[in-house]
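The structure appears below as structure tokens.
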């Protein structure tokens, strides 16, 4: 009987890279432990555009990244159908781009580079572009169609974790890495803290993988290893609905606020890039200047954004590997960095996987797992590029919706879109199960129960990442109370409801404060009214 | 920034306050209906993503637009729902729906055979048959068709004398006054003439299309709309504004044409007014001078039709009726009568329709007026069928209360 | 159309003032965009003979030498609503009685003087449960009169949440709203 605290590999970090690595390792037959100090997808994984890059963005400057992107793009469409939406993308050229040297000459160069990298790109006329995406800036002078799409990072991360578990991996969330267990120059395992119970524990494995994103810098430091990292903050804005149905990019050198992505029921504009100190990475706030900048640039892509309601703002930190010679961080290759610290630093049993991007997580996981297998002397090849993720076996919502008896309700269709072919596990047993808890995003009580049962949820934030509860236009104003009660009951701790609601309200409030004017401020007043005024609506007295 | 919103029908202005749900007459009576918020702005966000999120239950919306009156954020909730039905509800309309909706095609036929048609429509085995075959509820008293249409009467009796008036308007009579209740048209002409105003018909007038829109016959409704707008434009160019008698027709001409049918009415919009609004403004400004019958007295209850509430013009009717010296007017509480055009005629809606109307019927019973004053023809059917109290159009009330001869003397000098 | 008093807004403050004034014999009209009033108060006002313009909203007003002469609404078009006195009970942000954009807070109908903090970072507390400064913003009054560029508008009486210092988050919000409405009522009755 093997010790329950012993594994072949420990993966630190429950972002997409860690989740993908855990899945790959588990699929290759290794005994895996994944530890994450918060919930899955809480770092940069959950704080980006959700853009399924075609690679076109990198084609001119970084053909290696571009080729990686388009390869992974095609793979993700296959293995993660339920997380990916094939929206298509446009790279538009505006009149003012001529003046800055990114006019139609640049477009020609861009097209050539795309095709060289294997990205199917073709130029279309401004009129065709407007037909394809009516919200696009009508003053455009040129456009290129590329196979961009959108990807739901929460769903993708969750599906990887679920599959890792199905392949025998152990996943511990709210488990913080404290230090390594070390003997001489060999890493033997990790000491961790269960942040919910306050208990510490030790786990051992022949190899530990550092997949902690920007926090990987600190993890590596505990092993006495330096990874020169560059924390680049990226701020984004979420608009209240899908303004565009096609990804819109600016055809020029990468700059702030030049990508507009339709994702699920919203549109996201991003991003900025500013270097921030490591100690700020845990407390990102979006500044008014960033909001102004994103709105200005967003309006250049799609003028109607000027009057579209903003739901909230958020920011993530990219784990870029630093190049001290460039202060903007833009010219750093988004390339993957996989470090075997035995070869690099003489520290045995320790691998770091960093750099890269959401798009290439699978490849990063493959490289990290290859490194792990080499160390363990395991000779198994990677199959993640061929094996669909849970939920994505039959991922099209049209197909999944047919599984319900009779006509599917809004809540069932919503669940089908989010959970894909896992939807059969959502049990609509009673009338109450069918009732919507979150009306903006069509989340039923049954889906909440499913998330608690199967997807490792312990608070409303976790629940949001699995089900979109509270992510709609009211930002939870109408559902937080109901959701907190449902979650607390599903967790078997009804007394927790108040605390769950209060924590989630603070989190929603944070994202709204940054854009607190106009209609967002109306909603904020309404939210205060609902939760503080003893009679939120005068019609309650009727 | 962000002062205005230009999203379709303002759907993203929705703050989820749910006030619309508290006034929706269907939601309270039909558990299958998700309600205005979910069917309208909430649903719209998801329909933008994928048409699969269109929900069949949107057909239960009766388009009374009470949700729009209640909305503090200016969201055109009912329009969103109608638009979604147009865009995603692809099923071909049933024969029954086509028959109910084609008021200006069935109308002429029925009028030609009016005695037969009315006999047939009133006879219970026939009504039972309609119940089974085309799904018009057998409890329904179907609107009677008149033997002589208003237009026929007008051409025979009124047309010749209209040109003597200095001031001229064009009368959009609509299907109801033409086929079902020509007396309303006759009253209209009498009142207008008394005020010294000549009444002309609108050449090429077509049905406003509201029933066609409700029953998914969009191409036909759009054709009618274009014909009407062109006809209105000719009238306006000739110096005659358009005066209407039906609140629902008026709302359709003014709002649904551009919103749902994408027919531009901007050149004629400001020249269309509802008769009560037209007369109120004329009398209030002193331009029109009424002489009331000595000793005319009535105790009436005013029911404001849902579409009149949406237009926001009920005040013109009440202020106008209160100008009548012998009028004791009680305003009924704001409620939907439940019929909503062709909605209540459909078998599947009959029970809900009567349930919706109950608070209004009870209110009328409690007030016990001599008659109910109401601008809407379908409300009239529903109220008369359900309460037995007669319903009079304000124009007909004026025709009774005015001393037409003395008014004419005063205004035609 | 002529009334004694026009009340802009049909929420708690507007209906309280309207019903009181109507009952004291003044001819009142309430312009209420959206249904923020509850049925009971609506019924009471109607029974007292008041006029309710439901689903309509005031879009502009005619000001002349410190007095408001009339207002226009969206639905009534060129028919002006004239009155001797006006109650502004248009609420806060939610009902658009006051509007915030990125850098400022203003009263959209008449451009009345508004009390607010120019530094937007001071508007909010990070904790949802804590008092929020933005809810305290609103129009200023002097002798119950609205102020525009520091001058009193002598027949325009703001009441309820449109006022600075009254907010839905206060424990005694209902009382404060009612009492501000009664202040406006007394000031109108005194005239």
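Residue numbers (my numbering), protein chains in the order written: chain A, 1 to 542; chain B, 543 to 955; chain C, 956 to 1146. Where is the CB? At the ideal position from N, CA and C, for every residue including glycine.
{"Query": "Please report the straight-line C-alpha distance between residue 1058 of chain C and residue 1109 of chain C, rounded to a whole angstrom.", "Result": "30 Å"}
{"Query": "Kindly indicate the opening and closing residues of the alpha helix (DSSP H) around residue 898 of chain B.", "Result": "892–909"}
{"Query": "Any chance you could list the beta strand (DSSP E) runs of at least 3 consecutive residues sitting entirely within the segment 314–387 of chain A, in chain order?", "Result": "336–340, 350–355"}
{"Query": "Going along the chain, which residues of its own chain have a beta-carbon closer than 7 Å to the beta-carbon of residue 507 of chain A, five neighbours each way excluded?", "Result": "461"}
{"Query": "Just how far apart, CA to CA, sit residue 363 of chain A and residue 294 of chain A?", "Result": "31 Å"}
{"Query": "Between the beta-carbon of residue 246 of chain A and the beta-carbon of residue 262 of chain A, is there less than 9 Å?", "Result": "yes"}
{"Query": "Would you kindly work out how many angstroms separate the C-alpha atoms of residue 525 of chain B and residue 953 of chain B, rounded to a whole number?", "Result": "Absent from the structure is residue 525 of chain B, since the part of chain B shown begins at 543 and ends at 955."}
{"Query": "Would you kindly report the start and end of the unbroken beta strand (DSSP E) that includes residue 202 of chain A?", "Result": "200–210"}
{"Query": "Counting pairs of beta carbons, one from the segment 1089–1097 of chain C and one from the segment 1117–1130 of chain C, are three or more of them closer than 8 Å?", "Result": "yes"}
{"Query": "Rounded C-beta distance between residue 941 of chain B and residue 735 of chain B? I'm assuming under 8 Å.", "Result": "That belief does not hold up - the Cβ atoms of residue 941 of chain B and residue 735 of chain B are roughly 11 Å apart, past 8 Å."}
{"Query": "DSSP three-state call for residue 720 of chain B: helix, strand or coil?", "Result": "helix"}
{"Query": "Taking 9 Å as the threshold (C-beta atoms), are residue 392 of chain A and residue 82 of chain A in contact?", "Result": "yes"}
{"Query": "Any heavy atom of the ligand COA closer than 8 Å to the beta-carbon of residue 1090 of chain C?", "Result": "The ligand content of the structure shown is nil, which means the ligand COA is not present either."}
{"Query": "Closest by CA to residue 724 of chain B, which one among B:938, B:609, B:711?", "Result": "B:938"}
{"Query": "Throw me the rounded Cβ distance for the residue 622 of chain B and residue 582 of chain B pair, which I believe falls under 8 Å.", "Result": "4 Å"}
{"Query": "Which runs of the alpha helix (DSSP H) spanning at least 4 residues fall entirely within the segment 553–639 of chain B, listed in chain order?", "Result": "561–565, 585–591, 608–612, 619–630"}
{"Query": "Go ahead and pull the three-state DSSP assignment for residue 802 of chain B.", "Result": "helix"}
{"Query": "Round the Cβ separation of residue 208 of chain A and residue 194 of chain A to the nearest angstrom and send it over; I've been treating them as touching at under 8 Å.", "Result": "Contact flag wrong, Cβ pair sits at about 18 Å."}
{"Query": "With which residues is residue 186 of chain A paired in a DSSP beta bridge?", "Result": "A:183, A:348"}
{"Query": "Mind checking whether residue 793 of chain B and residue 755 of chain B have CB atoms under 9 Å apart?", "Result": "no"}
{"Query": "Is it the case that the segment 434–450 of chain A contacts the segment 461–475 of chain A, given that we only count it when at least three CB pairs across the two stretches are under 8 Å?", "Result": "yes"}
{"Query": "Run through the DSSP bridge pairs and tell me what residue 177 of chain A is partnered with.", "Result": "A:192"}
{"Query": "If you draw a straight line from the C-alpha of residue 989 of chain C to the C-alpha of residue 962 of chain C, how long is it?", "Result": "14 Å"}
{"Query": "Between which two residues does the beta strand (DSSP E) harbouring residue 841 of chain B extend?", "Result": "840–844"}
{"Query": "Interface residues of chain C around residue 487 of chain A at Cβ under 7 Å?", "Result": "Simply none; closest approach about 18 Å."}
{"Query": "Using the rule of at least 16 other Cβ atoms within 10 Å of the residue's Cβ for burial, across every protein chain shown, is residue 297 of chain A buried or exposed?", "Result": "buried"}
{"Query": "Which ranges does the alpha helix (DSSP H) cover as unbroken runs of at least 4 residues, wholly within the segment 765–823 of chain B, from first to last along the chain?", "Result": "789–793"}
{"Query": "Taking C-alpha atoms, which residue in A:108, A:80, A:353, A:79 lies nearest to residue 92 of chain A?", "Result": "A:108"}
{"Query": "Rounded to whole angstroms, how far is the Cβ of residue 284 of chain A from the Cβ of residue 317 of chain A, which I believe are closer than 8 Å?", "Result": "7 Å"}
{"Query": "Apart from the five residues just before and just after residue 898 of chain B, which ones in its own chain have a Cβ nearer than 6 Å to its Cβ?", "Result": "567, 571, 878, 880"}
{"Query": "Consult DSSP for residue 729 of chain B and reduce its assignment to one of helix, strand or coil.", "Result": "helix"}
{"Query": "For the segment 610–623 of chain B, list every residue whose C-beta sits within 9 Å of some C-beta in chain C, in sequence order.", "Result": "610, 611, 612, 613, 614, 615, 616"}
{"Query": "Keeping to the same chain, check which residues put their C-beta closer than 8 Å to that of residue 615 of chain B; ignore five residues upstream and five downstream.", "Result": "552, 555, 556, 557, 559"}
{"Query": "Against chain B, does residue 329 of chain A count as a neighbour if the rule is that its beta carbon must be under 9 Å from one of theirs?", "Result": "Note that residue 329 of chain A scores 48 on pLDDT, short of 50, meaning its location in the model is unreliable and no value can be drawn from it."}
{"Query": "Give a yes or no on whether the minimum CB-CB distance between residue 562 of chain B and chain A is below 9 Å.", "Result": "no"}
{"Query": "For residue 910 of chain B, does the count of other Cβ atoms within 10 angstroms reach 16, so buried, or fall short, so exposed?", "Result": "exposed"}
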